[in-house]
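Encoded as structure tokens, the structure appears first; notes follow it.
Residue numbers (UniProt numbering): 1 to 89.
Given below as structure tokens:
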């Protein structure tokens with residue numbers, strides 16, 4: 001499985017703009033409008049935004065809110081970091 005990074009946002013969310021800015025230089029981030037993609041948001045259990053989902057071979061991690069998203073950026077820099085397993089992604 002190739003790593004996938006998704007940022008769920010809504011147009012009225014006051015923290016979603018700053019979250020997008022935090023992730024602007026991070027490779028491969030998909031910006032997903034949770035209102036327009038309710039089925040996908042439901043699959044990941046999205047209940048609040050901004051919410052960052054990082055899907056890797058080793059599992060899925062969820063980062064909710066600016067503080068947790070900033071922590072992800074601090075730990076991973078602006079690289080997606082690969083999936084961290086031996087699959088080569």
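Every residue, glycine too, gets a C-beta built ideally from N, C-alpha and C. Just so we're clear, the structure is a prediction, and the values are computed from it rather than from any experiment.
Boundaries (first-last residue) of the alpha helix (DSSP H) holding residue i
| i | result |
| --- | --- |
| residue 20 | 16 to 22 |
| residue 136 | Because the chain here runs from 1 to 89, residue 136 falls outside it and cannot be looked at. |
| residue 59 | Run containing residue 59: none in the alpha helix (DSSP H); it sits in the beta strand (DSSP E), 59 to 64. |
Whole-angstrom distance between residue j and residue i, CA atom to CA atom
| i | j | result |
| --- | --- | --- |
| residue 32 | residue 71 | 20 Å |
| residue 57 | residue 3 | 7 Å |
| residue 74 | residue 68 | 10 Å |
| residue 63 | residue 26 | 15 Å |
Contact check, residue i vs residue j, beta carbons under 8 Å
| i | j | result |
| --- | --- | --- |
| residue 15 | residue 52 | no |
| residue 13 | residue 54 | no |
Cβ neighbour criterion (16 or more within 10 Å) applied to residue i
| i | result |
| --- | --- |
| residue 19 | buried |
Beta strand (DSSP E) segment containing residue i, residue limits
| i | result |
| --- | --- |
| residue 30 | 29 to 33 |
| residue 45 | Here residue 45 belongs to no beta strand (DSSP E), and DSSP marks it neither H nor E. |
| residue 101 | With the chain running from 1 to 89 in the structure shown, residue 101 is simply not present. |
| residue 13 | Segment: none, residue 13 is in no beta strand (DSSP E) and carries neither H nor E. |
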